[in-house]
Amino acid sequence: MKRLGKTGNRIEREKRKSFYIFIALWIIGFAVFQLIPILWGFKVSLTNQMAFSVKVKNVGFKNYQLALKDPAVYYAIYTTLLYAFLNTAIQVSLGLLLALLIDQKMKGQSFFRVMFYLPYVIPIVATGWILRVFFDKNVGTLNLLLLNLGMIKDGISWMGEHGMFTILTAGFWRVGWSMLIFIGGLSTIPRDLYDAASVDGAGYLRRFKVITLPFLSPFIAFQLVVSFIYGMQVFILPYILNPTAIRGAQVTLEAPPKETFFILSKGYDLIFNRGRLAYGFAVLWITFVIVLIFSLIYTYLVKKATYSEMEN
Amino acid sequence: MSYKTNRIIIQTVKYIVVIFILIMFFLPILSMLSVSLKTEGEIFKQSPNLFPEKLHFQNYINAFTRINYLRYVYNSLLVALMYTVACTLSSGMAGYALARFHIRENGIFFTIILSSIMIPIVITLIPFYLLVKNMGLTDKHVLWLLYGLGGAPFMIYLYRQFFLTIPASFEESARIDGAGRFRIFFGIMLPLVNSGTVITAIFAFQFTWQNYIMPALFLSSLKTTLAVKLNGAYVDIQQNILLGELMAGIFYYIAIPVIVFFIFQRQIMRGMLAGGIKG
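Heads up: the protein sequence lines correspond to chains B and F, in order.
Here the first sequence is numbered in this note's numbering, starting from 1 and rising by one per residue.
Here the second sequence is numbered in this note's numbering, starting from 1001 and rising by one per residue.
This is the structure we're talking about:
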């Protein structure tokens, strides 16, 4: 490491000053909105605080021990991971498929691009409601359609029996973003590479393997990582798509069914619906650590896989 | 089979697949429109029809009057604009710092910013809410302005990519002329990445427009945004949801970001495809 006195020439000092002036807002925002709250949450998680408790005392890691013994917490972690993996698979495979189908040669390419991107523009709360009405057992359009076509005899309880499937449908619907990234990736491939390969007699699959895939692999890696990280953070969708009777009184932030009761909702539920502040924060902290660890391992694996693929 | 007929067959199959997927994509939207045009009796009758018997536009009027819809449009627009302006400014500045000033810590900051997308917003927001509740800052729209000033990792990244495409010589001559750093940034650099600003602003707008947890925690019933209000707004006296009106209300709610998207559609597509995102 160089000593500060040595690097401290005027230009370098000026540069450093500019850097910190321009990034200052982010630093303050990060500290105030992320670092301090999360550390404060950790502090609370070490106590026995409830929403209305008067006497608060430290209990050490007791809440963590409690949470790590709770099978519901494990189940929530399991469903969250499952959702993140399945959603990532949908985003990457369908996004790639659409990007390949709608290539530059296709007539009406820009029309299709805009149309497939459109559902991504629809806000997530609206997506939840639209799909809930679409999937409803008695009044839902999907069941009516299948009944009219004679494909089923009785309405299927999509949300009751296939909760995970309905949540994944939203991911399927919002694939436009992923498609756009892959279209961007495809546009980086020089056209004459394909022509040269065709002259050499390479078929479609061969061209895909030797040209398309290597060029796309950084984009695929990016999409694998980002979809997974965001998939782990799913929160509001299950609340709105939850399968309680569609005609009953509507309190949206009730707990969703077990199958889609993801880990973040679990922490939220503990704090706001049950008033178990300290325990809820412990669960949130465990979630934080798990999201971080899985995201890091996963990012590392994806990077390793794509780089070794490039070497071959 | 000749090469040409072969190609025609492939093209036809391609179109069929694409159009099939497109129809699947639009089924939920058709379902929304169909339900919004039915009467409540039609929706819940014994074996409902797929399409409304007669177009029933009353739901679109009721959706507007049952709640003071314009008030919530105003609330939503207000917080969305506050967040968008603040977040775009802050992200632009941070992205500029990362792209232009290569000091030793630059890489560390870049890594931290990118890694911060791994922190779920719920985990920071709940403690933050409980903290500011004690300071009496809840129920204020201005919170979005403050929150936006922290910037957003994805937008900082986008801005960095855009600033990297601009040669350093552009600002060096200005610096020699003695222009200050803010003059250079706002006067020269920011106008050069206009397409980046458009994209960032639209993403920030969409993010706030659809964000649920922040208004749910921070704003009371009269000050909240559409994302929260819509969920319990359309009910009859017995607290049953009025699906037709709800779908009509959702239609208006969707319309605004969709219109924004269509206005800036070219810029979004061009900017995203021009390599704004790189692996």
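Glycine included, C-beta positions come from ideal geometry on N, C-alpha and C.
Here the structure is a predicted model, which means the values were calculated and not measured.
Exercise for review: Pull up the distance between the alpha-carbon of Tyr1212(F) and that of Phe22(B), whole angstroms please.
Suggested key: Mapped onto the second sequence, residue 1212(F) falls at position 212. Mapped onto the first sequence, residue 22(B) falls at position 22. Cα-Cα distance, rounded: 30 Å.
Review point. Whole-angstrom Cβ separation of His1141(F) and Val1079(F), contact assumed at under 8 Å?
Key: Residue mapping note: residue 1141(F) aligns to position 141 of the second sequence, counting from 1. Residue mapping note: residue 1079(F) aligns to position 79 of the second sequence, counting from 1. 5 Å between Cβ atoms; contact.
Check your understanding: Comparing the C-beta of Ile77(B) with each C-beta of chain F, is any distance below 9 Å?
Key -> What you label residue 77(B) is simply residue 77 of the first sequence in a count that begins at 1. Closer than 9 Å: no.
Check your understanding: Taking Tyr1129(F) as the reference, which of Val32(B), Phe208(B) and Ile90(B) has the closest Cα?
Key -> If you number the second sequence from 1, residue 1129(F) lands on position 129. Nearest of Val32(B), Phe208(B) and Ile90(B) to Tyr1129(F), Cα basis: Val32(B).
Check your understanding: Is the shortest distance between the beta-carbon of Ser198(B) and the beta-carbons of chain F less than 9 Å?
Key -> Walking along the first sequence from the start, residue 198(B) turns up at place 198. Not closer than 9 Å to any Cβ of chain F, the Cβ of Ser198(B) fails to qualify, so no.
Practice item. May I ask you to report which of helix, strand or coil DSSP gives Asn1211(F)? Key: In the second sequence, counting from the first residue as 1, residue 1211(F) sits at position 211. Reduced to three states, the DSSP call for Asn1211(F) is coil.
Check your understanding: What are the start and end residues of each continuous alpha helix (DSSP H) run of 4 or more residues lying completely inside the segment 157-238 of chain B, in chain order?
Key -> 158-161, 163-173, 176-186, 191-199, 204-207 and 213-232
Review point. At a CB-CB cut-off below 7 Å, which residues of chain F make contact with Ser295(B)?
Key: Stepping through the first sequence from its first residue, residue 295(B) is reached at position 295. Correct list: Met1118.
Exercise for review: Have a look at Glu1040(F), Ile1008(F), Ile1023(F) and Val1013(F) and flag the residue whose alpha-carbon is nearest the alpha-carbon of Met1247(F).
Suggested key: Within the second sequence, the letter at position 247 stands for residue 1247(F). For the residues Glu1040(F), Ile1008(F), Ile1023(F) and Val1013(F), the minimum Cα distance to Met1247(F) belongs to Glu1040(F).
Check your understanding: Quick one: is Ser227(B) near chain A, going by C-beta distance under 9 Å?
Key -> Within the model displayed, chain A is absent; protein chains B and F are what it includes.
Check your understanding: Nearest chain F C-beta to Leu145(B) closer than 9 Å, yes or no?
Key -> Here residue 145(B) refers to the residue found at position 145 when the first sequence is read from its first residue. Judged by the 9 Å Cβ criterion, Leu145(B) is in contact with chain F.
Check your understanding: DSSP puts Asn58(B) in a beta bridge; with which residues?
Key -> Numbered from its first residue, the first sequence carries residue 58(B) at position 58. Answer is Thr47(B).
Check your understanding: Between Gly1151(F) and the rest of its own chain, which residues show a CB-CB distance below 7 Å, the 5 nearest in sequence each way excluded?
Key -> Position 151 of the second sequence, counting from 1, holds the residue named residue 1151(F). Cys1087, Ser1090, Ser1091 and Ala1094.
Check your understanding: Is the number of C-beta pairs between the segment 1059-1074 of chain F and the segment 1197-1217 of chain F that are closer than 8 Å three or more?
Key -> no
Review point. Taking one C-beta from the segment 1225-1241 of chain F and one from the segment 101-114 of chain B each time, how about it: are there three or more such pairs within less than 8 Å?
Key: no
Point to revise | Proximity below 9 Å, CB of Phe1205(F) to CB of Leu118(B) | key: The residue you call residue 1205(F) lines up with position 205 of the second sequence. The residue you call residue 118(B) lines up with position 118 of the first sequence. It is not a contact, given that the beta carbons lie outside the stated cut-off.
Exercise for review: With DSSP collapsed to three states, give me the class of Ile1263(F).
Suggested key: In the second sequence, the residue the question calls residue 1263(F) occupies position 263. Ile1263(F): helix per DSSP, three-state reduction.
Review point. Thr306(B) by DSSP, collapsed to three states: which one?
Key: Within the first sequence, residue 306(B) is the residue found at index 306, counting from 1. Thr306(B) falls in the helix class under three-state DSSP.
Exercise for review: Name, going along the chain, the residues of the segment 1085-1100 of chain F whose beta-carbon falls closer than 7 Å to a beta-carbon of chain B.
Suggested key: Those residues of the segment 1085-1100 of chain F that come within reach of chain B (Cβ to Cβ, closer than 7 Å) are Ser1090, Met1093, Ala1094, Tyr1096 and Ala1097.
Exercise for review: Kindly confirm or deny that the segment 1215-1224 of chain F and the segment 1120-1135 of chain F touch, where touching means at least three C-beta pairs closer than 8 Å.
Suggested key: yes
Check your understanding: How big is the Cα-Cα spacing for Val1132(F) and Pro37(B)?
Key -> Within the second sequence, numbered from 1, the residue matching residue 1132(F) stands at position 132. Within the first sequence, numbered from 1, the residue matching residue 37(B) stands at position 37. Distance between the alpha carbons of Val1132(F) and Pro37(B): 10 Å.
Exercise for review: Flag this pair as yes or no: are the beta carbons of Ile1010(F) and Leu1098(F) separated by less than 9 Å?
Suggested key: Translated into positions along the second sequence, residue 1010(F) becomes position 10. Translated into positions along the second sequence, residue 1098(F) becomes position 98. The answer is no: Cβ separation not under 9 Å.
Review point. When you check each C-beta in the segment 1034-1047 of chain F against every C-beta of chain B, which residues fall closer than 7 Å?
Key: The segment 1034-1047 of chain F vs chain B, Cβ under 7 Å: Ser1034, Val1035, Ile1043 and Phe1044.
Check your understanding: Does Glu1105(F) get closer than 9 Å to chain B when you measure Cβ to Cβ?
Key -> As a working note, residue 1105(F) is residue 105 in the second sequence. Yes - at least one Cβ of chain B is within 9 Å of the one on Glu1105(F).
Check your understanding: Counting only beta-carbon atoms, is Thr1012(F) nearer than 9 Å to chain B?
Key -> Locating residue 1012(F) in the second sequence gives position 12, where the first residue counts as 1. It does not; no Cβ of chain B falls within 9 Å.
**Study point:** Three CB pairs or more closer than 8 Å across the segment 170-185 of chain B and the segment 115-133 of chain B
**Key:** yes
Check your understanding: Quick one, are the C-beta atoms of Phe135(B) and Leu241(B) less than 9 Å apart?
Key -> Against the first sequence, residue 135(B) aligns to sequence position 135. Against the first sequence, residue 241(B) aligns to sequence position 241. In this structure, Leu241(B) lies closer than 9 Å to Phe135(B) by Cβ.
Exercise for review: Please list the residues of the segment 1251-1265 of chain F that have a C-beta atom closer than 7 Å to any C-beta atom in chain B, keeping them in chain order.
Suggested key: Tyr1253, Ile1254, Pro1257, Val1258, Phe1261 and Gln1265
Check your understanding: Quick one: what's Ile1241(F) bridged to in DSSP?
Key -> Along the second sequence, one-based indexing puts residue 1241(F) at 241. Ile1241(F) is bridged to Val1235(F).
Review point. Between Ala278(B) and Val44(B), what straight-line distance do the alpha-carbon atoms span, to the nearest angstrom?
Key: Translated into positions along the first sequence, residue 278(B) becomes position 278. Translated into positions along the first sequence, residue 44(B) becomes position 44. Each residue's alpha carbon lies about 5 Å from the other.
Check your understanding: Mind listing which residues of the segment 1109-1135 of chain F have their C-beta closer than 9 Å to chain B's C-betas, in chain order?
Key -> Residues of the segment 1109-1135 of chain F whose Cβ lies closer than 9 Å to any Cβ of chain B, in chain order: Phe1109, Ile1112, Ile1113, Ser1115, Ser1116, Ile1117, Met1118, Ile1119, Pro1120, Ile1121, Val1122, Ile1123, Thr1124, Leu1125, Ile1126, Pro1127, Phe1128, Tyr1129, Leu1130 and Leu1131.
Review point. Who are the neighbours of Met115(B) on chain F, taking C-beta pairs under 9 Å?
Key: Numbered from its first residue, the first sequence carries residue 115(B) at position 115. Leu1022, Phe1025 and Phe1026, listed in chain order.
Review point. So what's Ile1067(F) in DSSP terms, helix, strand or just coil?
Key: As a working note, residue 1067(F) is residue 67 in the second sequence. Residue state, collapsed to three classes: coil.
Review point. Just to confirm, are Phe208(B) and Phe294(B) a CB contact at a threshold of 9 Å?
Key: In the first sequence, residue 208(B) corresponds to position 208, counting from 1. In the first sequence, residue 294(B) corresponds to position 294, counting from 1. No; because the gap between Cβ atoms is not below 9 Å, this pair is not in contact.
Check your understanding: Do Gln49(B) and Val56(B) come within 9 Å of each other at the CB atom, strictly closer than that value?
Key -> Position 56 of the first sequence, counted from the first residue, corresponds to residue 56(B). Position 49 of the first sequence, counted from the first residue, corresponds to residue 49(B). Contact: yes.
**Study point:** Proximal residues, the segment 132-157 of chain B versus chain F, C-beta separation under 7 Å
**Key:** Val133, Phe134, Val139, Thr141, Leu144, Leu145 and Asn148
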